[in-house]
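Just so we're aligned: the sequence shown equals residues 1 to 303 in full-length UniProt numbering. Here is the structure we will look at, set down as structure tokens.
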Amino acid sequence: MEFALALVVLALVFLIWALTPVRQGFAYTIERFGRYTHTAQPGLNFIMPIFDRVGRKVNMMEQVLDIPGQEIITKDNAMVAVDGVVFFQVLDAAKAAYEVSDLYLAIMNLTTTNLRTVMGSMDLDETLSKRDEINTRLLHVVDDATTPWGVKITRVEIKDIRPPADISNAMARQMKAEREKRANILEAEGMRASEILRAEGEKQGQILQAEGRREAAFRDAEAREREAEAEAKATQMVSDAIASGNAQAINYFIAQKYVEAVSQFATSPNAKTILFPVEATQLIGTLGGIGELARDALERKGA
């Protein structure tokens, strides 16, 4: 009875010893007499006590590794301080445990070396403006190098690039000069556009004035043409009257010229006194002749 109880207790102890829980996000390598046999996945795993043991506990989650700041000489001999981060994930626990001695140190040194190589082949301006290109090149190089270790490099990011103080001051002055240059260019372009618009406005104004003068000249010519037609018609009527034997028609022209001459005397700014070279009765007689001529014309029109 006591022997059976001892066997049960021994079996329970053996079972507890053989069952090994593995946390989520980790993988345990199992070694038998120091030799790798298999990988225990998250959960409850059975291993043979005494013969088997847990070798390495490998973190299978994505991890972040800081790259310490370092000084790098660029292609144009400028010294810059650079630091960054590497994101990686272990895909094969056995390779990460047995293909490299210190995984974290190896990734750090590999990234640092290739960072010097990549940035050392670029000018200072390129290192400051092409950070994405640097990240991409580093990602491909480091990922290819860590594939035999069962590691996947997911991202490589440059956190900061710090040029020397004198170069930073020179860059600040250059940037200020560029901004002033762009401001002057914009101001000149604005003035040029303003002058163009002003010239266009003056041009349009002159065109409108010319069109107005042309229209006025056309209207003046048309008025003179109509006046000439009226004068010609009046002359024709007087000529017809003279031809018909009406001598009073001649008085029409004499009275017209007489009235025009008197009106010019009246409108003269220097004339204070007007002396008529003919008697007033002659003017009245002339005007009477004009009246008789008008009556004759009206009578003929009525007949």
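Even glycine gets a Cβ: it sits at the ideal position worked out from N, Cα and C. What you are looking at is a predicted structure, and each value in this text was computed from that prediction instead of being measured.
Here the stretch 117-125 does not lie against the stretch 55-64, with fewer than 3 beta-carbon pairs under 8 Å apart. Counting only the Cα atoms, GLU200 lies some 10 Å from ILE207. The C-alpha of VAL141 lies about 24 Å from the C-alpha of VAL58. With a cutoff of 7 Å on beta-carbon distance, THR39 and ALA81 are scored as not near each other. Between the stretch 35-53 and the stretch 16-23 there are three or more C-beta pairs closer than 8 Å, enough to call the two in contact. ARG56 is positioned such that its CB atom lies closer than 7 Å to that of ALA97.
Counting only the Cα atoms, PHE14 lies some 33 Å from GLU99. Contact between LYS159 and GLY84 is confirmed by a C-beta separation of about 5 Å, below the 8 Å threshold.
Listed in chain order, the beta strand (DSSP E) elements of length 3 or more contained wholly in the UniProt domain "Band 7" (17-175) are 19-22, 26-32, 35-40, 43-46, 52-59, 63-73, 79-90, 151-162. Classified as buried, GLU31 has 16 or more neighbouring CB atoms from the shown chains inside 10 Å of its CB.
Closest option to THR113, judged by alpha-carbon separation, among GLU189, LEU139, LYS95, GLN89: LEU139. Looking at the backbone, the Cα of GLN89 and that of ILE153 are separated by about 7 Å.
No Cβ-Cβ contact shorter than 7 Å links ILE134 with VAL151.
Between PHE87 and ARG155, the C-beta spacing is below 7 Å. GLY25 and ALA4 have their C-alpha atoms roughly 41 Å apart.
Scanning the stretch 176-225 for uninterrupted beta strand (DSSP E) segments of 3 residues or longer gives nothing; none is fully contained.
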